[in-house]
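Residue numbers (the working numbering): 1 to 560. Just below is one structure, and these are the notes that go with it.
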Ligand SMILES: CCC(=O)SCCNC(=O)CCNC(=O)[C@H](O)C(C)(C)COP(=O)(O)OP(=O)(O)OC[C@H]1O[C@@H](n2cnc3c(N)ncnc32)[C@H](O)[C@@H]1OP(=O)(O)O
């Protein structure tokens, strides 16, 4: 199969293409309706299929010969801990935790917020929610109480799952006080909070509301998988938009499973039994798709790494993992490799480890700058594959199909559109531009499986933000061009979103927070170039008349 044949089939006969991909998954009832319209007129995949994502990723493999294979390898230099969890063990832990949630009244369609560090229990909680046909909303552990409160208020969870703390390089971050403050700030209150007590910190539990994870699991009845429709939501993941309020990207079950399962082989060349490391966080879409779901849908082994590329303990962290677990493919944001390059410019750490199992390094999350691209190839001797995607799509829009036909990469390009994505460059009038001309990057409808069908509780925001600029197209918010061979070059955002260390941040949201300060009359937040993090946010502030800075508590820096 060539890239061209695969891609052409996907855009010329999308229903046939995706019916074949979906048929590779263990549905309870195979979908007959492959592509249809929902009540909002949005294209939906596999509406009449019945399935359960946790069943497809766990039970199915246990029943088909993978029970004793490692599903998850947890490696935490910060907790000084390592654990291997087989598919059978993970399935059993998930079923039990689903029983805990069920006992708290969680049913199909209910929301559960998960605010956890990079521990295997975060995956257990996500799969347990999926097992019940409920909807999880994972909030990145680095978010402060206000950001968490905004998300709790929007998702309205019945239950919140958290841990007593997260472990950073040189500090322990107590999660529970931040959760308590967020619940205090939110108008919506959950009926219960389940707290994983980690040995480093014992959280105070609030009687009548908080449950201890271990105690609750000890007496729980395992819960079965609840069948859901292909179009039922699996999760909500909030992402920064151009306004202060984050958008709740909705992901369905069926399209997500079909696209992610396909991507593991087609894009990453990962087969069942292989080991895959996505060095990100469960709070980001990379974590959802390529730490939690895709590797297990494919029957592979996923690494849950609670550490950093550097300082845990040194710039050899990734290479140590690759040797120790025989990792076949490594995926991280360019900022991680810039951090490694800064601390180990000669690549001396790389030479200390046996990287013979590592075949490919993938990067995404922000622009891959050519110096980092060339350095990584030169020092590791491995192919480096850039690819471009978004929280909204859940998987790559442009990339290089390493499991189908590897194309020669071009520095600065995310290579070619992934099958299913009809990528076009449009001018301001919506006309398709020829090769070499820069414009808005748009995707001709229908979007392939896994892409968002709406914004949680705000369909108008979805329609206005993504579908109204160019009728018949999804607007990505990124600008760029294609060359004569169809290679796509992403040049940056066309809106007020900046990218800091692979984290998509809204300047509008930051402006709201700065403007809240009693001394501030007006402010603007912009992104400036940063050699390590790509961009850094800088706030320009106009103070109110008569403000006496010395009388104001808090971090104000008058010289900046
Ligand atoms: C393709 C679709 C997408 O774009 S999805 C998004 C892809 N992005 C990513 O995967 C993120 C990539 N970036 C990273 O993994 C990190 O930035 C790396 C490179 C590892 C560096 O991490 P770090 O040194 O922590 O810097 P940072 O700028 O990320 O962190 C800023 C401050 O936040 C803190 N933090 C971080 N994680 C947590 C956490 N889970 N819980 C609590 N706090 C956290 C960090 O400690 C850091 O704090 P401080 O500023 O040092 O006080």
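Just so it is clear, CB atoms sit at the ideal spot from N, CA and C, and this is done for glycine as well.
Inset, instruction - Drop a sphere of 10 angstroms on the beta-carbon of residue 170, count the other beta-carbons inside from all chains shown, and report buried for 16 or more, exposed for fewer. - result: The residue given as residue 170 occupies position 170 in the chain shown. Burial call: exposed.
Inset, instruction - Under 7 Å Cβ to Cβ from residue 570, same chain only, skipping five residues before and after it: list those, please. - result: The question about residue 570 has no answer, for the chain in this structure spans 1 to 560.
Inset, instruction - Would you kindly check if the distance between the Cβ of residue 366 and the Cβ of residue 345 is under 7 Å? - result: The residue given as residue 345 occupies position 345 in the chain shown. The residue given as residue 366 occupies position 366 in the chain shown. No. Outside cutoff.
Inset, instruction - Identify whether residue 529 lies in helix, strand or coil by the three-state DSSP scheme. - result: Position 529 of the chain shown, counting from 1, holds the residue named residue 529. If DSSP states are grouped into helix, strand and coil, residue 529 belongs with the strands.
Inset, instruction - Given a cut-off of 7 Å, decide if residue 268 and residue 21 are closer than it, judged by their beta-carbon atoms. - result: Against the chain shown, residue 21 aligns to sequence position 21. Against the chain shown, residue 268 aligns to sequence position 268. No, they are not a contact pair.
Legend entry - Spatial neighbours of residue 2 in its chain, beta-carbon cut-off 6 Å, leaving aside the 5 residues before and after: Mapped onto the chain shown, residue 2 falls at position 2. Result list for residue 2: 405, in chain order.
Legend entry - Anticipated Cβ contact below 8 Å, residue 474 with residue 447, distance rounded: Working through the chain shown from its first residue, we reach residue 474 at position 474. Working through the chain shown from its first residue, we reach residue 447 at position 447. That belief holds up - the Cβ atoms of residue 474 and residue 447 are roughly 6 Å apart, short of 8 Å.
Inset, instruction - My understanding is that residue 331 touches residue 300, with C-beta atoms under 8 Å, so please give their C-beta distance in whole angstroms. - result: In the chain shown, the residue the question calls residue 331 occupies position 331. In the chain shown, the residue the question calls residue 300 occupies position 300. About 12 Å; that fails the 8 Å criterion.
Legend entry - Where residue 557 falls, given that 16 or more other Cβ within 10 Å makes a residue buried: Along the chain shown, read from residue 1 onward, the residue named residue 557 stands at position 557. In this prediction, residue 557 scores a pLDDT of 47, lower than 50, which makes its location untrustworthy; the coordinate-derived value is nonetheless stated afterwards. Answer is exposed; the Cβ neighbour count stays below 16.
Inset, instruction - Report buried or exposed for residue 61, applying the criterion of at least 16 other Cβ atoms within 10 angstroms of its Cβ. - result: Start at 1 with the first residue of the chain shown, and residue 61 comes out as number 61. Buried: at least 16 other Cβ atoms inside 10 Å.
Inset, instruction - Confirm, please, whether the CB-CB distance from residue 239 to residue 391 is below 7 Å. - result: Position 391 of the chain shown holds residue 391. Position 239 of the chain shown holds residue 239. For residue 391 and residue 239, yes; Cβs fall inside 7 Å.
Inset, instruction - Give every residue of the same chain whose Cβ lies closer than 6 Å to the Cβ of residue 491, excluding the five residues on either side of it in the sequence, and list them in chain order. - result: Numbered from its first residue, the chain shown carries residue 491 at position 491. These residues qualify, in order along the chain: 479, 480.
Inset, instruction - Have a look at residue 217 and residue 174 and give me their C-alpha separation to the nearest angstrom. - result: Along the chain shown, one-based indexing puts residue 217 at 217. Along the chain shown, one-based indexing puts residue 174 at 174. Whole-angstrom Cα-Cα distance: 22 Å.
Legend entry - Residues bridged to residue 422 [DSSP beta-bridge criterion]: As a first step, residue 422 is located in the chain shown; it is residue number 422 there, counting from the start. DSSP lists 444 as partners of residue 422.
Legend entry - Terminal residues of the alpha helix (DSSP H) in which residue 129 lies: The residue you call residue 129 lines up with position 129 of the chain shown. Unbroken alpha helix (DSSP H) run through residue 129: 120-131.
Legend entry - Test item: CB-CB of residue 424 and residue 437 under 7 Å: Counted from its first residue, the chain shown places residue 424 at position 424. Counted from its first residue, the chain shown places residue 437 at position 437. No, these two residues do not count as a Cβ contact at 7 Å.
Inset, instruction - Look up residue 322 in the DSSP assignment and say whether it is helix, strand or coil. - result: Within the chain shown, residue 322 is the residue found at index 322, counting from 1. Of the three classes helix, strand and coil, the one that applies to residue 322 here is helix, per DSSP.
Inset, instruction - Could you tell me whether any non-hydrogen atom of ligand 1 is closer than 6 Å to the CB of residue 364? - result: Counted from its first residue, the chain shown places residue 364 at position 364. Answer for residue 364: yes, Cβ within range of ligand 1.
Inset, instruction - Please classify residue 552: is it buried, with 16 or more other beta-carbons within 10 angstroms of its beta-carbon, or exposed? - result: As a first step, residue 552 must be located in the chain shown, where it is residue number 552. Exposed, since its Cβ has fewer than 16 Cβ neighbours within 10 Å.
Inset, instruction - Determine the contact status of residue 341 and residue 375, defining contact as a CB-CB distance below 7 Å. - result: Position 341 of the chain shown, counted from the start, is the residue given in the question as residue 341. Position 375 of the chain shown, counted from the start, is the residue given in the question as residue 375. Yes, the pair counts as a contact, with Cβ atoms nearer than the cut-off.
Inset, instruction - Out of 94, 181, 40, state which residue places its alpha-carbon closest to the alpha-carbon of residue 59. - result: Position 59 of the chain shown, counting from 1, holds the residue named residue 59. For the residues 94, 181, 40, the minimum Cα distance to residue 59 belongs to 94.
Inset, instruction - Can you tell me which of the three DSSP states residue 87 falls into? - result: Residue 87 sits at position 87 when you count from the first residue of the chain shown. Looking at residue 87 - three-state DSSP - the assignment turns out to be helix.
Inset, instruction - Have a look at 203, 318, 212 and flag the residue whose alpha-carbon is nearest the alpha-carbon of residue 192. - result: If you number the chain shown from 1, residue 192 lands on position 192. Comparing Cα-Cα distances from residue 192 to each of 203, 318, 212, the minimum goes to 212.
Legend entry - Alpha-carbon spacing of residue 258 relative to residue 550, whole angstroms: Translated into positions along the chain shown, residue 258 becomes position 258. Translated into positions along the chain shown, residue 550 becomes position 550. Roughly 58 Å separates the two Cα atoms.
Inset, instruction - In the DSSP assignment, find the unbroken beta strand (DSSP E) run with residue 198 in it and report its ends. - result: Start at 1 with the first residue of the chain shown, and residue 198 comes out as number 198. Careful: residue 198 lies outside any beta strand (DSSP E) and carries neither H nor E.
Inset, instruction - Could you check what DSSP says for residue 288 in three-state terms: helix, strand or coil? - result: The count along the chain shown starts at 1 and reaches residue 288 at position 288. Of the three classes helix, strand and coil, the one that applies to residue 288 here is helix, per DSSP.
Inset, instruction - Output yes or no for whether 7 Å exceeds the beta carbon distance between residue 49 and residue 117. - result: Mapped onto the chain shown, residue 49 falls at position 49. Mapped onto the chain shown, residue 117 falls at position 117. Result no, Cβ atoms of residue 49 and residue 117 do not sit closer than 7 Å.
Legend entry - Among 158, 386, 198, 149, the one whose alpha carbon lies nearest that of residue 182: Here residue 182 corresponds to residue number 182 of the chain shown, with the count starting at 1. Looking at the Cα atoms, 149 is the closest of the given residues.
Inset, instruction - Grab me the residues of residue 560's own chain with a C-beta within less than 8 Å of its C-beta, minus the 5 sequence neighbours each way, in chain order. - result: Along the chain shown, one-based indexing puts residue 560 at 560. Because the pLDDT at residue 560 is just 36, under 50, the model does not fix this residue reliably, and the value given afterwards should be weighed accordingly. No residues qualify anywhere along the chain.
Inset, instruction - Apply the 10 Å Cβ neighbour rule to residue 188 and answer buried if 16 or more other Cβ atoms are within range, or exposed otherwise. - result: Within the chain shown, residue 188 is the residue found at index 188, counting from 1. Answer is exposed; the Cβ neighbour count stays below 16.
Inset, instruction - In the DSSP assignment, find the unbroken alpha helix (DSSP H) run with residue 561 in it and report its ends. - result: Limits of the chain in this structure are 1 at one end and 560 at the other, which puts residue 561 out of reach.
Legend entry - Residues near residue 124 in its chain [Cβ-Cβ closer than 6 Å; skip 5 each side]: Along the chain shown, read from residue 1 onward, the residue named residue 124 stands at position 124. Taken in chain order, the residues that qualify are 93, 94, 97.
Legend entry - Residue nearest to residue 241 in terms of C-alpha spacing, selected from 498, 204, 533, 146: As a first step, residue 241 is located in the chain shown; it is residue number 241 there, counting from the start. Selected option, being the one with the closest Cα: 498.
Legend entry - Alpha carbon of residue 47 to alpha carbon of residue 324, nearest angstrom: The sequence position of residue 47 within the chain shown is 47, counting from 1. The sequence position of residue 324 within the chain shown is 324, counting from 1. Each residue's alpha carbon lies about 43 Å from the other.
Legend entry - Spatially closest choice to residue 207 from 200, 310, 195, 338, by CA coordinates: By 1-based counting over the chain shown, the position of residue 207 is 207. The residue with the shortest Cα to Cα distance from residue 207 is 195.
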